[in-house]
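Peer 1:
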Amino acid sequence: MGVSEERKREILESIRNAVIQYDEDQCASWCKVALQEGLDAYEATMKGLAAGMDVVSELYTRREYFVPELLVCSDALYAGLNVLRPFIRTDNKIDKGKLLLGVVEGDIHDVGKNLVKTMFEASGWQVIDLGKDVNLERFVEEQKKVKADLVGLSALMTTSMIALEKAVAMLKAADPKVKVLVGGAPLNPEIAAKFGADGYAQDAVCAVQEATHLIKKQTG
Ligand code: B1M
């Protein structure tokens with residue numbers, strides 16, 4: 031018999047609270063409990079860890095949390111993600127495609143990008159992760175080397191998203207056939223299209239769906 035709805039809620043809330051209370055140990059422990067009691071690792075990631083980070087974002091906006099709290103909350107999220115990541119279900123179809131991924135220059139926010147990476151890997155993609163605050167030239171140089179099926183660019187600030195437009199133009203100048211997917215909180219489909227991107231996704235799950243769609247369009 032599966033876990034009761036009540037217990038599931040309790041576990042997800044405990045994961046969420048551990049992120050909010052920046053408690054790495056509690057976060058990892060509750061993620062282990064989630065696995066032991068049969069919760070889906072993806073659900074625990076999104077409804078526990080990511081949901082906790084949403085509350086943290088609100089607290090920051092309300093000036094109840096400041097940058098130091100954001101950092102330790104992210105550490106707690108990563109402690110949990112390390113436990114859950116190996117158990118996020120894959121559909122076993124490996125070699126779906128190759129994604130070159132990174133956060134554009136001037137931007138060090140990488141929690142969302144790492145969730146995107148996790149979902150792509152779980153769906154059978156090979157991900158080449160350039161990390162955060164990535165120089166735009168580097169995207170072009172790496173793409174020349176690895177010839178990924180798709181380049182994924184993440185930007186979390188209105189200031190850094192300007193770099194996306196430049197990055198898309200540079201990538202397309204080097205290879206007009208390259209497909210670029212963009213995402214990040216300040217973006218929307220209109221801005222993504224204006225920046226010349228081929229695709230936009232609002233979250234990690236949509237990103238994989240959009241990527242699959244873009245690759246199909248390219249090959250078929
Ligand atoms: Co700061 N930060 N931060 N921050 N931070 C924001 C982004 C901000 C909106 C907060 C605010 O003022 N309300 C604001 C930006 C304002 C603007 O737009 N101009 C801001 C600021 C100002 C700053 C600093 C300048 C603060 C300072 O130093 N005074 C500084 C920036 C330094 C820099 O980058 N140069 C800074 C620093 C930090 C920390 C380091 C402390 C920390 C980041 C830790 C880390 O990432 N390792 C941090 C955090 C945590 C945040 C907030 C609170 C939360 C971001 C987050 O992790 N969200 C954020 C507030 C907010 O976004 N509302 C904020 C959770 C995550 C799961 O969501 O990243 O949106 P998200 O990712 C989603 C989707 O967007 C999407 O899928 C993800 C998962 O579903 N997605 C993609 C993301 N990338 C994608 C790529 C895709 C597809 C989908 O395809 C390729």
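In the working numbering, the protein residues as written are 31 to 250. Just so it is clear, CB atoms sit at the ideal spot from N, CA and C, and this is done for glycine as well. Given the structure is predicted, the values throughout are model-derived calculations rather than measurements.
(1) Any heavy atom of the ligand B1M closer than 7 Å to the CB of H139?
(2) Just list the residues that DSSP pairs V86 with in beta bridges.
(3) So, are the CB atoms of A109 and E54 less than 8 Å apart?
(4) Just the C-alpha distance for Q66 and G32, rounded to the nearest angstrom, thanks.
(5) Should F96 be labelled buried (16 or more other beta-carbon atoms within 10 Å of its own) or exposed?
(6) For F225, which residues of its own chain have a beta-carbon under 6 Å away from its beta-carbon, when the five flanking residues on both sides are left out?
(7) Taking DSSP as the reference, what is the three-state secondary structure of Y72?
(8) Between M83 and the ligand B1M, is there a pair consisting of the residue's CB and a ligand heavy atom that are separated by less than 7 Å?
(9) May I ask you to report which of helix, strand or coil DSSP gives G32?
(10) Could you work out which residue in E73, L166, Q239 and V235 is closest to F117 when comparing CA atoms only?
(11) So what does DSSP say about I118, is it helix, strand or coil?
(12) By how many angstroms is the C-alpha of S44 removed from the C-alpha of L183?
(13) Expressed to the nearest angstrom, what Euclidean distance is found between the alpha-carbon atoms of L160 and L129?
(14) I believe V210 touches L201 by the beta-carbon criterion, under 8 Å. Please report the beta-carbon distance rounded to the nearest angstrom.
(15) For A223, is the classification buried or exposed, using 16 other Cβ atoms within 10 angstroms of its Cβ as the cut-off for buried?
(16) Taking all protein chains shown into account, decide if R119 is buried (16 or more other Cβ within 10 angstroms of its Cβ) or exposed.
(17) When burial is assigned at 16 or more other CB atoms within 10 Å of the CB, is T189 buried or exposed?
(18) Compute the Euclidean distance between the alpha carbons of Q271 and A227, then round it to the nearest angstrom.
(19) Beta carbon of Y52: closer than 7 Å to some heavy atom of the ligand B1M?
(20) Determine the direct distance from the alpha carbon of H139 to that of L217, and round the result to whole angstroms.
Peer 2: According to the structure shown:
(1) yes
(2) Looking at the DSSP assignment, V86 forms no beta bridge with any residue, so it has no partner.
(3) yes
(4) 11 Å
(5) exposed
(6) L194, E195 and V198
(7) helix
(8) yes
(9) coil
(10) E73
(11) coil
(12) 32 Å
(13) 11 Å
(14) 6 Å
(15) exposed
(16) exposed
(17) exposed
(18) Outside the shown range of the chain, which is 31 to 250, sits residue 271, and nothing can be said about it.
(19) no
(20) 14 Å
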